[in-house]
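In my numbering, the protein residues as written are -16 to 215. Here a beta-carbon is modelled for each residue, glycine too, at the ideal position from N, C-alpha and C. Owing to the predicted nature of the structure, the values given are computational and were not obtained by experimental measurement. Read through the structure below, which is laid out as structure tokens, and then see the notes.
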Amino acid sequence: MTDGRQAEAPQAPQAPEAPARGKYAPVLLDEREILRRGLDTFAELGYAATTMRELARRLDVSHNFINDRYGSKGNFWRAVVDFALLDARPALDRLLAECRDDDERLRSVIVQLYRLAANASGMNRLIQDESTRDSSRLDYLHQRFIKPFWDSIEPTIDSLMATGRIPRVPTHILYFAVTGPALALAQDPIADRLNPAAAPTTEQDRNSMADALSGLVLHGLLPPSHGETSNA
-16 MTDGRQAEAP QAPQAPEAPA RGKYAPVLLD EREILRRGLD TFAELGYAAT TMRELARRLD
44 VSHNFINDRY GSKGNFWRAV VDFALLDARP ALDRLLAECR DDDERLRSVI VQLYRLAANA
104 SGMNRLIQDE STRDSSRLDY LHQRFIKPFW DSIEPTIDSL MATGRIPRVP THILYFAVTG
164 PALALAQDPI ADRLNPAAAP TTEQDRNSMA DALSGLVLHG LLPPSHGETS NA
């Protein structure tokens, strides 16, 4: 017999919550992987929305790890930027030294810049995001990469302007003309929607996309001389 009350269904046992990592728990990632994941997080969320808690979750480290190792979130961001730009400047500097004339130098640098942008989408998104904000982080990017890069090609640009090969326009206009399309190479979600069949999946795909875009830009910025065909 029953007392008229419906028997309660047995509750499934709940899995215990994963214990929080202790302050002195070993860090399982090497330095490069820590910085790579940090770059992905800053690029995806932006600096302001990247919390210490979220970084700790994605790095699988204790909440105090960033402060203990790097001193602050800002210092960690700067370490991430230095890591991401480690190989970019030397590659561009080699091109500047190897190229024979101004036309070839500017073409080669733009092609290489676009390839770097296409294959380093995290850093590309980070620069794109920070370039819209007046901050000490933009100062850091400007001092560490943007200004040295622009200073290195400015003599080439001045020479090409003097000979009438490229239009004589203010520096920031030319900067936008050169780098704007490169920054757009980080916009994979809209590219997938515009042309799903051409979504790049390999480094070769990304290089092909970068080369097509740099060729289009160079056709307008630095068209072939009379009797010359472009191989950009």
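Residue Ser119 holds the alpha-carbon nearest to the alpha-carbon of Tyr30 among Pro153, Leu168, Pro131, Ser119.
Here the alpha carbons of Arg98 and Asp194 stand approximately 7 Å from one another. When the five nearest sequence neighbours on each side are left out, no beta carbon in the same chain lies closer than 8 Å to the beta carbon of Ala180.
Spanning the alpha carbons of Ala101 and Phe159 requires a straight line of approximately 17 Å. Spanning the alpha carbons of Glu37 and Arg77 requires a straight line of approximately 38 Å. Each of Leu124, Arg88, Leu12, Glu14 was checked against the Cα of Gly57, and the nearest Cα belongs to Leu124.
Take the alpha-carbon of His46 and the one of Ala39: they are about 5 Å apart.
In the displayed model, Asn58 falls within a helix according to three-state DSSP. At the C-beta level, Ile93 and Val161 come within 8 Å of one another. Relative to the Cα of Ile17, the nearest Cα in the group Asp112, Leu177, Arg52 belongs to Arg52.
For the options Leu204, Asp188, Pro131, the alpha carbon positioned closest to that of Ile156 is the one of Leu204.
Under the three-state reduction of DSSP, Asn102 is assigned to helix.
By alpha-carbon distance to Pro138, the top candidate from Pro172, Asp85, Val64 is Asp85.
If you look at Pro138, you'll find it in the alpha helix (DSSP H) that goes 130 to 145. Taking Gln111 as the centre and dropping the five residues before and after it, the same chain places the C-beta of Leu166, Ala169 closer than 8 Å to its C-beta, in chain order.
Judged by their CB atoms, Ser142 and Leu79 are not nearer to each other than the 8 Å cut-off. Rounded to the nearest angstrom, the gap between the Cα atoms of Glu113 and Trp60 is 12 Å. Judged by beta-carbon spacing, Ala71 lies beyond the 8 Å limit of Leu22, meaning their Cβ atoms are not closer than that value.
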